[in-house]
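Single-structure report; data block below.
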Amino acid sequence: PPSDAFSCAICHDTFKKPVMLRECKHIFCSLCINRVLSDEQINTGCTAECPRCRKQFTRSQIIYSSDI
């Protein structure tokens, strides 16, 4: 299995197209975190919780790997 430093906390695989949450600096696969946000948006109206620390974030707070 991949090391925790290089694996997504959502899918537990090596990062694919990694993105970082601006507030907490946690990194996830782009597809994984966008799924979390989409599911949460339906229930809470635009914000979701970081799967690692539960800090609130919005789509605009996702930093894509080209910007990291």
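The numbering of the sequence shown is our numbering, which starts it at 161 and goes up by one.
C-beta atoms are modelled at their ideal positions from N, C-alpha and C, and glycine is treated no differently.
May I ask you to list the residues that DSSP assigns as paired with glutamate 183?
-> According to the DSSP secondary-structure assignment, glutamate 183 is paired through a beta bridge with no residue.
Beta strand (DSSP E) containing isoleucine 170: first to last residue?
-> Run containing isoleucine 170: none; DSSP gives neither H nor E here.
With DSSP as the reference, label cysteine 192 as helix, strand or coil.
-> In this structure, DSSP gives cysteine 192 a helical state, which the three-state scheme calls helix.
Within its chain, find whatever has a CB closer than 7 Å to the CB of cysteine 171; leave out the 5 residues flanking it on each side and keep chain order.
-> Excluding its 5 nearest sequence neighbours in each direction, cysteine 171 has C-beta neighbours in its own chain below 7 Å: Cys189 and Cys192, listed in chain order.
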